[in-house]
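Asks:
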Amino acid sequence: MHIYTKNRGHDNISFLFFLLFFLFLFLGLNSVVLAQDVGEGAGENKETMFSLIRKGGPVMLPLGIASILALAIGLERFISLNKEKVLPSSFLKGLGEVWRRDSADGAAEKYCEDSEASCAHVFKAGISWRSQGHEAVSKAIEDAGAREAEKMKRSLRPLSVIAGVCPLLGLLGTVYGMIEAFQRTADSGGAAKTADLANGIYEALVSTAAGLTIAIPVLLLFQWLSSRADKVIDHLDEVGTEFIVDFALPDIGSNEAGDSNPGEPKYSSNINPQS
3 MHIYTKNRGH DNISFLFFLL FFLFLFLGLN SVVLAQDVGE GAGENKETMF
53 SLIRKGGPVM LPLGIASILA LAIGLERFIS LNKEKVLPSS FLKGLGEVWR
103 RDSADGAAEK YCEDSEASCA HVFKAGISWR SQGHEAVSKA IEDAGAREAE
153 KMKRSLRPLS VIAGVCPLLG LLGTVYGMIE AFQRTADSGG AAKTADLANG
203 IYEALVSTAA GLTIAIPVLL LFQWLSSRAD KVIDHLDEVG TEFIVDFALP
253 DIGSNEAGDS NPGEPKYSSN INPQS
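Here you go:
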């Protein structure tokens, strides 16, 4: 079965995308805090990264925490949303061995219940409905797969929240910064007003830039991981249906192919569910 063939190219592309995400986020954050020329006349003073962050105001702290959380969640989900993690080859091999020893529903279902693999619930659903035929098995696996997909996507929701909240936090910081800038300008006199206002606006915009710099790559990461979860579930549905049909419905799977040993899965030598 071709669905078990390794897809190293796709896996490498996924890994490259994730590395580019980290690079984009790092460069984006770095661009916010790059050295700024604020010198006047002959004197020149370069802003350091930390001094510019401090000028962004109190909202820079939650923005920094949000960026760290996004990186941690993204890395964990990237590792977890892997076909080998969701559908381990050891699970398929073990389930096949259990079925050969005892084709009763109870033994296979017990094996699925004892397994910690994410795919176990999907296979158990298919086995439970095997007596109802191919269509019932496919529907049961599809429904169970939808529930697993919801669980996977639920774990991605923090990324969506971070992507939505960070720009608002940045805007809030800018509003407070503008209020402070106008207050300083009103309290100053003469030619100092223009310089104070310009410097205040410059500092106030730091938080907005930081919020957008975090939100954009996090939103892209959220969409990409959601698509990755859908592909993993589609793969699980396809594998689950064919696995149950070949084992639990051997008369359907074997008669069409003229198999002399209906109890043996047609793809037993090709199982390799790595992504």
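For what it's worth, the numbering used here labels the leading residue of the sequence shown as 3, then goes sequentially.
Even glycine gets a Cβ: it sits at the ideal position worked out from N, Cα and C.
#1: Any idea if F245 is buried or exposed, counting beta-carbon neighbours within 10 angstroms, 16 or more meaning buried?
#2: If you drop the 5 nearest sequence neighbours on each side, which residues of the same chain put their C-beta closer than 8 angstroms to that of L207?
#3: Beta-carbon within less than 6 angstroms of L214's beta-carbon, same chain only, minus the 5 sequence neighbours each way: which residues are those?
#4: Assess, as a yes-or-no matter, whether the region 224–243 is touched by the region 150–159 under the definition of 3 or more beta carbon pairs within less than 8 angstroms.
#5: Okay, do the region 88–98 and the region 116–132 touch, 3+ Cβ pairs below 8 angstroms being the bar?
#6: Rounded to whole angstroms, what is the Cα-Cα separation between P219 and K112?
#7: Can you look up C121 in the DSSP assignment and give me helix, strand or coil?
#8: Output needed for E182: all residues of its chain with C-beta closer than 7 angstroms, excluding positions within five of it in sequence on either side, in chain order.
#9: Pop quiz: D239 and I143 are said to be a contact at Cβ under 8 angstroms. What is the actual Cβ separation, rounded to whole angstroms?
#10: My parser needs the alpha helix (DSSP H) runs of 4 or more residues fully inside the region 118–184; what are they?
#11: Confirm, please, whether the CB-CB distance from G76 to L171 is below 8 angstroms.
#12: Looking only at C-alpha atoms, which of D236, K195 and V247 sits nearest to K2?
#13: What residue does the alpha helix (DSSP H) around S92 start on, and which one ends it?
#14: Looking at C-alpha atoms only, which residue of G242, S209, R149 and A165 is the closest neighbour of A72?
#15: Could you check the C-alpha separation between V139 and L83 for me, to the nearest Å?
#16: Where does N201 sit, in a helix, a strand or coil, going by DSSP?
#17: From E137 to P64, what distance separates their C-alpha atoms?
#18: Under a three-way DSSP split, which group does S209 fall into?
#19: Buried or exposed, going by whether 16 or more other CB atoms sit within 10 Å of the CB of V241?
#20: Do you know offhand how far H123's Cα is from A68's?
#21: For G166, would you say it is in contact with chain D, using Cβ-to-Cβ distances shorter than 8 angstroms as the test?
#22: Roughly how many angstroms lie between the CA atoms of I70 and D189, to the nearest whole one?
#23: Can you look up L83 in the DSSP assignment and give me helix, strand or coil?
#24: Let me know if A200 comes out buried or exposed under the rule of 16 or more other beta-carbons within 10 Å of its beta-carbon.
#25: Can you check whether the CB of D104 is closer than 8 angstroms to the CB of A127?
Replies: So, from the data block:
#1: Here residue 245 is taken as the residue at index 243 of the sequence shown, counted from 1. So F245 counts as buried.
#2: Walking along the sequence shown from the start, residue 207 turns up at place 205. Here L207 has T176 and G179 as same chain residues with Cβ atoms under 8 angstroms from its own Cβ, once five neighbours each way along the sequence are excluded.
#3: The residue given as residue 214 occupies position 212 in the sequence shown. Here the set comprises P169.
#4: Judged by Cβ distances under 8 angstroms, the region 150–159 makes contact with the region 224–243, as three or more pairs qualify.
#5: Between the region 88–98 and the region 116–132, the count of Cβ pairs shorter than 8 angstroms is three or higher; the stretches touch.
#6: As a position in the sequence shown, residue 219 is number 217, starting the count at 1. As a position in the sequence shown, residue 112 is number 110, starting the count at 1. One C-alpha to the other measures close to 43 angstroms.
#7: As a position in the sequence shown, residue 121 is number 119, starting the count at 1. If DSSP states are grouped into helix, strand and coil, C121 belongs with coil.
#8: If you number the sequence shown from 1, residue 182 lands on position 180. Taken in chain order, the residues that qualify are G202.
#9: Residue mapping note: residue 239 aligns to position 237 of the sequence shown, counting from 1. Residue mapping note: residue 143 aligns to position 141 of the sequence shown, counting from 1. Right, their Cβ atoms sit about 6 angstroms apart.
#10: Runs found: 122–130 and 136–156.
#11: For the purposes of this step, residue 171 is identified with residue 169 of the sequence shown, where counting begins at 1. For the purposes of this step, residue 76 is identified with residue 74 of the sequence shown, where counting begins at 1. Cβ atoms of L171 and G76: not closer than 8 angstroms.
#12: Because residue 2 is not part of the residues shown, which for the chain are 3 to 277, the question remains open.
#13: Taking the sequence shown and counting its residues from 1, one reaches residue 92 at position 90. Element bounds for S92: S91 to R103.
#14: As a first step, residue 72 is located in the sequence shown; it is residue number 70 there, counting from the start. Looking at the Cα atoms, A165 is the closest of the given residues.
#15: Sequence index remark: in the sequence shown, residue 139 carries index 137 (1-based). Sequence index remark: in the sequence shown, residue 83 carries index 81 (1-based). So the alpha carbons of these two residues sit roughly 25 angstroms apart.
#16: Position 199 of the sequence shown, counted from the first residue, corresponds to residue 201. Shown here, N201 sits in a helix according to DSSP, grouped into three states.
#17: Here residue 137 refers to the residue found at position 135 when the sequence shown is read from its first residue. Here residue 64 refers to the residue found at position 62 when the sequence shown is read from its first residue. One C-alpha to the other measures close to 51 angstroms.
#18: Here residue 209 refers to the residue found at position 207 when the sequence shown is read from its first residue. Collapsing the DSSP output to three states places S209 in a helix.
#19: On the sequence shown, position 239 is the one that residue 241 refers to. Flag for V241 reads buried.
#20: The residue you call residue 123 lines up with position 121 of the sequence shown. The residue you call residue 68 lines up with position 66 of the sequence shown. The straight-line gap from Cα to Cα measures roughly 33 angstroms.
#21: No chain D is present in this structure, which holds just one protein chain.
#22: On the sequence shown, residue 70 is found 68 positions in, with the first residue counted as 1. On the sequence shown, residue 189 is found 187 positions in, with the first residue counted as 1. Taking the straight line joining both Cα atoms gives about 38 angstroms.
#23: As a working note, residue 83 is residue 81 in the sequence shown. Judged by DSSP in its simplified three-state form, L83 adopts coil rather than helix or strand.
#24: What you label residue 200 is simply residue 198 of the sequence shown in a count that begins at 1. It counts as exposed.
#25: Walking along the sequence shown from the start, residue 127 turns up at place 125. Walking along the sequence shown from the start, residue 104 turns up at place 102. No; because the gap between Cβ atoms is not below 8 angstroms, this pair is not in contact.
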